[in-house]
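When we follow this note's numbering, the leftmost residue of the sequence shown carries the number 62, and every step to the right adds one.
Shown next, in structure tokens, is the structure this report addresses.
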Amino acid sequence: MEQSQSAAFLLSLALLYISITLTLGRPPVRRVLKVAWQAFFNESFRSEELFQRLHDQWVDLWKGWAAIFATLTECYAVLVLCLRLGGEESEKPPWQDLHIWFVLISLLALSCSCSPTARMDAMESRKFTIIVNVASVLTRADTPKQLLPTNTVASMMMSFIAAEPVFSVWVRVALIPVSVAIDWSQEAVGAGSKELALIVANELISSLFISCMLLQADFLMRKREAAAIDLEAQMKKSSDDAKEIQQILAAARRLLSVTCDCCEQLSNNWDLLNPTRRAMELPRRLQFRELRLMI
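Structural data, given as structure tokens:
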């Protein structure tokens, strides 16, 4: 009886939600995905100049953010040490705890990347993204359940400040089977297919949410930078057109000046009338040039 009442209540909530959604309306998801797909594969969004400009901006900001994250990770490391020393005795010794190793690897990676002499090109940024994501996934085997949300948020933020959010998405997708395997290994001995399906669904949905946020951030950055590149190209074209117009006007002025001089100085028989000083000097210049050629 109680189960049927629960099913009826949940069905009523679902029908209420569907009716409200149909009344309000929403853009078709297929059209939104088509627009986003076309934008991502647009030539202006995938140009080498756009990628280089985004990477240069990321390099300018990265060392400052890396220093901030290094400080936050140090605070997290202090919390982990306090829990390790002051809490209940763990089943594993510290040198076998993957969580401690993950914190150490994160601190070393952040400290190296925010060093003044660090060189963070495209390949180095990808290496950093892979190291952080792999370490955050492997450490879930030994991370206390109370600290799992912190671990997930920290990994997500590392992906947000990466130079290539799309590359971070592909790394997270590639690590989904590893995450499922680690979560499944932590389940009780009697866990069955229901628990496995729940773990897989949870990992897929969380990865989908994080990927959507990363892709949205990458889309906004690319759109802003592509608009800036287009505006600069238009300004350069306008400047070139203005210079060309000035050259044409200058040539027209010179031609008009020559034409006006000829009209004023030539008679109907093409004889010079009231020649100017420049016109009088012209025959002498021609004679001088002929003499030079003869010599």
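Positions of the beta carbon are idealized from the N, C-alpha and C atoms, including for glycine.
How far does the alpha helix (DSSP H) with residue i in it reach, from first residue to last?
| i | result |
| --- | --- |
| Pro226 | 226 to 235 |
| Ala196 | 183 to 199 |
| Ser172 | 159 to 174 |
Are the CB atoms of residue j and residue i within a distance shorter than 9 angstroms?
| i | j | result |
| --- | --- | --- |
| Val120 | Met181 | yes |
| Ile266 | Glu248 | no |
| Pro210 | Leu144 | no |
| Ile192 | Ala170 | yes |
| Ile290 | Leu168 | no |
| Leu276 | Val227 | yes |
| Glu225 | Ala288 | no |
| Ala215 | Ser197 | yes |
| Ala202 | Leu159 | yes |
| Val239 | Leu199 | yes |
| Thr190 | Ser229 | yes |
| Asn34 | Leu133 | This structure gives no information on residue 34, because the portion of the chain shown stretches from 62 to 356. |
| Glu286 | Gln64 | no |
| Pro177 | Lys124 | yes |
Which residues in the same chain as residue i place their Cβ atom closer than 7 angstroms to its Cβ, once the five residues preceding and following it in sequence are excluded?
| i | result |
| --- | --- |
| Met282 | Leu115 |
| Ile161 | Val141, Pro155 |
| Cys173 | Ala179 |
| Ala131 | Leu168, Leu171, Ser172, Cys175 |
| Val139 | none |
| Glu256 | Glu248 |
Among the residues of its own chain, which have a CB less than 6 angstroms from the CB of residue i, if the five just before and after it don't count?
| i | result |
| --- | --- |
| Val241 | Ile260, Val261, Glu264 |
| Phe163 | Ala196, Thr200 |
| Ser272 | Val230 |
| Lys153 | none |
For residue i, which of helix, strand or coil comes out of DSSP?
| i | result |
| --- | --- |
| Thr178 | coil |
| Asp117 | helix |
| Ser295 | Before going further, note that residue 295 is Gln rather than Ser in the sequence given. The answer is helix: DSSP assigns Gln295 an H, G or I state. |
| Arg87 | coil |
| Gln247 | coil |
| Gly125 | helix |
| Pro210 | helix |
| Pro205 | coil |
| Phe288 | According to the sequence provided, residue 288 is Ala. The question's Phe does not apply to it. Helix. |
| Lys255 | helix |
| Ala312 | helix |
| Lys95 | helix |
Would you please verify whether the beta carbon of residue i is less than 9 angstroms from any beta carbon of chain D?
| i | result |
| --- | --- |
| Ser186 | Going by chain labels, chain D is absent from the structure shown, which holds only one protein chain. |
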